[in-house]
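Numbering (this note's numbering), first residue to last: 448 to 1026.
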């Protein structure tokens, strides 16, 4: 049984004190209820105890009992000192009752020993025995003078006056004025001696109780250790979950970093999948699994070379077939992550089509795992609502039309309808790629003064993130790891090798490049055109011109519109989009 403080849990010993004190108080209450019933029955003359004596016994006892019950509201029942107070009060009430109605309640003092046994303490037994000895003196002497005095007491404390009167033999007695010796020898002492074996019996009894309590204590300590270990396991599980989430995030970031045109793709797919799962009525646990599957659905792209992922033109048949292997690769990476392999299956089958024309297994209908059907819809939606190297994100209505068109062919009709409902509720078109995710500018220059000036000019602009590289090698690493929207390069550091690297970056990634030069000569525009750069800015910088040139490059569109086959992830024209 657990008793709690406001903030902390009681110790085992405090619980034991609480239980013992509570039990004694309950027994005391029952005793007083019986006393009250006896008092009432005596008033009705069912018992033959003198009303005056009964009143003297009952009224003080009840007053003390009520005061005691009130006092227990203000003292802690868990304190080790409380039991001495409880036993003392019970002894007083037993003594008062025994003084006035004496031999009618002769066994009541023995109850004190039974109560003391509950505390499983020899010191408490000794304390109770001492109280009983004192109480016995009071009961015997008080009963002799004020209570029901039995015939034996009279005989033991009387003197013979005359043996015979006339012919009839009888004894005439008078009460002895000093009866204490006889009362002590023949009443107090025998009772106190009688209490000794009772005390020994109670001592043996509480040893049995104590052993039982030790077992209970051991069980309680064992349960506490189990609770502590369980809590520790929960903490470790929480840490493991956090590490798992961090690992997922790192993996998805690594995948998304390879494809500079799909920044945040995995997180958005996870978010959209979670919304769909919620609307499907999935449990919170199932929603978590589906969210994780959305995060990891493209993890197999780690094996795909970055030049294939970011190729700005149509893939060759060989490249396209290799790109498709990311589904199976993802399955092998994620297999064993959970017992049912749902996350791995989602990665493997999220490019299957409802009509069976998808890959890698050509599954159709409900043979496709539901989790993969959910991810497939979310993935296609994000493909259309995100920027690509060949186009900007599509208007919401076109996205909706393509989802509607794919019902029953590419998509599960039920899941497609839910996606359409989500689109219809998103009146502000918030579920799309945020342009702020791709406004990363790489500044290649070792001129700190010039770098700081450009950073300060662009500081007032929103959604710009400036990364500085000291040379072209560092720049290549940045471009490979992060989606760079625009490159600014100081013309003074472009040597032959540097020019080759810049040309490689432009060829592979198609990143716009602006030249930073100190001379505004007539040959600068022709130089920009010759090397395929997009524009130039001149030092000392004019903030308005710098902002205008950068803004124009960033806002320039690539290819508008979309062939509807882009959302058909199992169709032949899928090579034209990023998978």
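For glycine and all other residues, C-beta sits at the position ideal for the given N, C-alpha and C.
Cβ neighbours of residue i in the same chain (closer than 7 Å, five flanking residues each side left out)
i	result
residue 862	723, 820, 821, 824
residue 648	none
residue 694	none
residue 702	713, 745, 746, 748, 749
Short Cβ contact (8 Å threshold) for residue i with residue j
i	j	result
residue 525	residue 464	yes
residue 888	residue 993	no
residue 743	residue 781	yes
residue 567	residue 475	no
residue 961	residue 949	no
residue 747	residue 811	no
residue 572	residue 650	yes
residue 552	residue 639	no
residue 878	residue 719	yes
residue 1043	residue 628	Nothing about residue 1043 can be reported from this structure: the residues present for the chain run from 448 to 1026 only.
Neighbourhood of residue i by C-beta distance below 6 Å, restricted to the same chain and skipping five residues each side
i	result
residue 1027	Nothing in the structure corresponds to residue 1027, since the chain is present only between 448 and 1026.
residue 584	635
residue 715	829
residue 458	none
residue 471	533, 562
residue 870	847
residue 803	809, 811
residue 1032	This structure leaves residue 1032 out entirely; the chain is present only between 448 and 1026.
Own chain partners of residue i with C-beta closer than 8 Å, once the 5 adjacent residues on each side are dropped
i	result
residue 408	Any property of residue 408 remains undetermined from this structure, which presents the chain solely from 448 to 1026.
residue 469	524
residue 613	Note on residue 613: pLDDT 48, under 50, position unreliable in the model; no value is reported.
residue 586	542, 545, 546, 549, 556
residue 529	464, 468, 522, 523
residue 531	571, 574
Rounded separation between residue i and residue j - CA only
i	j	result
residue 549	residue 511	19 Å
residue 988	residue 749	41 Å
residue 508	residue 561	20 Å
residue 554	residue 674	46 Å
residue 899	residue 891	12 Å
residue 655	residue 661	10 Å
residue 657	residue 477	25 Å
residue 952	residue 959	10 Å
residue 1005	residue 798	Any reading at residue 1005 must be qualified, since the residue scores a pLDDT of 36, below 50, and its modelled position is unreliable; the value itself is stated next. In a straight line, the C-alpha of residue 1005 is about 26 Å away from that of residue 798.
residue 926	residue 765	25 Å
residue 632	residue 600	12 Å
residue 502	residue 644	34 Å
residue 712	residue 671	47 Å
residue 576	residue 488	32 Å
residue 894	residue 934	15 Å
residue 912	residue 1000	15 Å
residue 801	residue 857	5 Å
residue 597	residue 513	31 Å
residue 971	residue 965	10 Å
residue 516	residue 558	19 Å
residue 906	residue 996	16 Å
residue 939	residue 947	15 Å
residue 916	residue 977	24 Å
residue 768	residue 843	31 Å
residue 727	residue 814	18 Å
residue 968	residue 982	14 Å
residue 868	residue 859	14 Å
residue 919	residue 699	27 Å
residue 922	residue 778	33 Å
residue 896	residue 944	25 Å
residue 866	residue 876	13 Å
residue 481	residue 664	35 Å
residue 519	residue 462	16 Å
residue 527	residue 569	14 Å
residue 963	residue 901	10 Å
residue 730	residue 752	38 Å
residue 690	residue 990	45 Å
Residue i: CB within 7 Å of a non-hydrogen atom of the ligand FAD
i	result
residue 718	The model depicted lacks the ligand FAD and carries no ligand whatsoever.
Beta carbon proximity, residue i to chain D, threshold 8 Å
i	result
residue 857	The structure shown contains no chain D; it is built from a single protein chain.
Segment contact flag, the stretch 849–861 with the stretch 818–831, C-beta cutoff 8 Å, min 3 pairs: yes
The stretch 589–597 / the stretch 674–691 touching (three or more Cβ pairs under 8 Å): no
Sufficient close CB pairs (3 or more, under 8 Å) joining the stretch 795–813 to the stretch 767–787: yes
Segment contact flag, the stretch 528–545 with the stretch 492–502, C-beta cutoff 8 Å, min 3 pairs: no
Segments assigned alpha helix (DSSP H), at least 4 residues, entirely inside the stretch 495–550: 498–518, 529–548
Length at least 4, wholly inside the stretch 829–860: the alpha helix (DSSP H) runs in chain order: 843–852
Residue ranges of each alpha helix (DSSP H) within the stretch 572–603, 4 or longer: 598–603
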